[in-house]
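See structure below.
2 protein chains.
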Amino acid sequence: MKFYDCTTAPSPRRVRIFLAEKGITVPTVQVDLRNNEQLTSAFLAINPEATVPVLELDNGTRITDAIGICVYFEAIHPTPPLMGESAEEKALVTMWQRIAERNGFFAGMEALRNATPGLKGRALPGPDNYEQIPALAERGRTRIARFFTQMDARLSQSDFVAGARYSIADITTLVAVDFAKWVKLPVPEECAHLRRWHAQVSARPSAKA
Amino acid sequence: MKFYDCTTAPSPRRVRIFLAEKGITVPTVQVDLRNNEQLTSAFLAINPEATVPVLELDNGTRITDAIGICVYFEAIHPTPPLMGESAEEKALVTMWQRIAERNGFFAGMEALRNATPGLKGRALPGPDNYEQIPALAERGRTRIARFFTQMDARLSQSDFVAGARYSIADITTLVAVDFAKWVKLPVPEECAHLRRWHAQVSARPSAKA
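One line per chain: the protein sequences are A and B, in this order. Mapping the first sequence onto this note's numbering, position 181 (from 1) lands on 181, and the numbers just tick up by one. Just so we're on the same page, this note's numbering is the position in the second sequence counted from 1, plus 1000.
And the structure:
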């Protein structure tokens, strides 16, 4: 088994935190995104989508999606459960993971990629070049502010994002909140519940992953 | 149990097809998206995200995400499996569902919502109003064309999107391909594998859902 990672990137960080929570170690290869190693023919042969993370199984199968990789490890290493146990919990974890991804993580990607000078022509990850859209960067910033308010309301009613225990929904939310700092959007003072939760999940050893 | 649906909308169609494949019937309420019923205070009390589908369980829990709802039914009604059985199959189904969603379904949403006169100020679903971004509509169209090529390549190697059998990855791809017709982007003639697959999955009774 081999894990293609990039320590500075938020997307593979989701998997690293997931693995740390499970206590799993996987042989890891660093992909140098800063120097566009993901666009080399050598890496495109590994993942035509030109993204990390990638998990390569011993039979050669490659899983090229962060959540797909987590699904794999949840199945082979179910303890502690990070994707829910009952039908209802599984559904709520999936739902909150996707809300955090859509409203937080993707909004952060839009805000960063459409405004950073070094990412000109690279407004989307992947093998194709797309020009930056300044209005989309602005919209991303507006959406991040709304995400903070939404998650603060949620965390006023719940210890963790999807319910009473830590799950992959917390991982996506944590990575999205930390990623928003890249575009200089820290959690505002008034979001006391989100700040309480953020301090708590950041204190877990997995957050350093 | 109660299912909030809108027969003309692509997002709840994903769940309808999933339920039809499982042979499950759920009491259903239609939400009139055309007349913005999703933005009424009555519906916002059901789902503050102002979207369908929503599944309301008998204990009052509401699942407000299409994939979250499918996860629920997969857990309580595992046969036929539509989200994979082995760890590897589960991971690949998740991965391909997400590739089809990101590159096909979301691209279609961008293309439609940022260009349709009737959706001015409604460039994203949800409770907040966002102005249309014409460049994003154009980018969505470019991405749909790339999605067709990508899925054609995939289906030249595989009977179904995620492997040897029908799964939720086929459902998302089918709904994305049909949704692209709304912005007048049919599958091009040269994508013979994608067309073969589309004819095949469209012939299943579930496709009428």
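Note that the Cβ used here is the ideal one computed from N, Cα and C, for glycine as well.
Does residue i come out as helix, strand or coil in the three-state DSSP assignment?
i                 : result
Val29 (chain A)   : strand
Leu124 (chain A)  : coil
Arg165 (chain A)  : coil
Asp5 (chain A)    : strand
Arg1102 (chain B) : helix
Glu1110 (chain B) : helix
Leu1055 (chain B) : strand
Ile1063 (chain B) : strand
Can you find a C-beta in chain B that's less than 7 Å from the C-beta of residue i?
i                : result
Ile63 (chain A)  : yes
Glu189 (chain A) : no
Glu88 (chain A)  : yes
Thr94 (chain A)  : yes
Ile46 (chain A)  : no
Val201 (chain A) : no
Ala168 (chain A) : The sequence as given places Ile at residue 168 (chain A); Ala does not occur at that position. No, Ile168 (chain A) lies away from the interface with chain B (no Cβ there is under 7 Å from its Cβ).
Ala50 (chain A)  : no
Ala91 (chain A)  : yes
Restricting to Cα atoms, I'd like to know which of the options is closest to residue i.
i                 : options                                    : result
Val1079 (chain B) : B:Trp1197, B:Asp1152, B:Glu1021            : Here residue 1079 (chain B) is Thr; the residue named in the question, Val, does not match the sequence. It is B:Glu1021 whose Cα lies nearest to the Cα of Thr1079 (chain B).
Leu92 (chain A)   : A:Ala115, A:Val161, A:Pro117               : A:Val161
Leu1136 (chain B) : B:Asp1159, B:Gly1118, B:Met1109, B:Gln1157 : B:Met1109
Ser1167 (chain B) : B:Trp1096, B:Phe1043, B:Glu1049            : B:Trp1096
Asn35 (chain A)   : A:Cys6, A:Asp58, A:Ile17                   : A:Cys6
Thr1223 (chain B) : B:Arg1013, B:Lys1002, B:Phe1003            : Since the displayed chain B opens at 1001 and closes at 1209, residue 1223 (chain B) lies outside it and no answer follows.
Pro1205 (chain B) : B:Pro1010, B:Arg1016, B:Ser1011            : B:Arg1016
Arg1165 (chain B) : B:Val1026, B:Leu1057, B:Ala1087, B:Leu1082 : B:Leu1082
Asn1103 (chain B) : B:Arg1196, B:Thr1008, B:Arg1139            : B:Arg1139
Glu85 (chain A)   : B:Pro1134, B:Tyr1072, B:Pro1127, B:Arg1113 : B:Tyr1072
Should residue i be listed as close to the ligand NAD, given that the test is whether its C-beta is under 6 Å from any heavy atom?
i                 : result
Arg1143 (chain B) : Annotation note on the ligand NAD: not contained in the displayed structure, which lists no ligands.
Would you mind sorting residue i into buried or exposed? The rule is 16 or more other CB atoms within 10 Å of its CB.
i                 : result
Ser1041 (chain B) : exposed
Asp32 (chain A)   : exposed
Gly60 (chain A)   : exposed
Ser202 (chain A)  : exposed
Lys1157 (chain B) : The question names Lys, yet the displayed sequence has Gln at residue 1157 (chain B). Classification for Gln1157 (chain B): exposed.
Val177 (chain A)  : buried
Ser1063 (chain B) : What sits at residue 1063 (chain B) in the sequence shown is Ile, not Ser. Classification for Ile1063 (chain B): buried.
Leu1044 (chain B) : exposed
Lys181 (chain A)  : exposed
Lys90 (chain A)   : buried
Pro117 (chain A)  : exposed
Ile24 (chain A)   : exposed
Asp1128 (chain B) : exposed
Ala1050 (chain B) : buried
Taking Cβ positions only, does residue i come closer than 7 Å to chain A?
i                 : result
Ile1067 (chain B) : yes
Val1071 (chain B) : yes
Ala1176 (chain B) : no
Ile1017 (chain B) : no
Ile1024 (chain B) : no
Ala1075 (chain B) : yes
Residues in the region 1117-1146 of chain B having any Cβ partner in chain A nearer than 7 Å: Asp1128, Tyr1130, Ile1133, Ala1135, Leu1136, Arg1139, Arg1146
Closer than 8 Å, Cβ to any Cβ of chain B: which residues of the region 94-112 of chain A, in chain order? Under the 8 Å Cβ criterion, the region 94-112 of chain A contributes Thr94, Met95, Arg98, Ile99.
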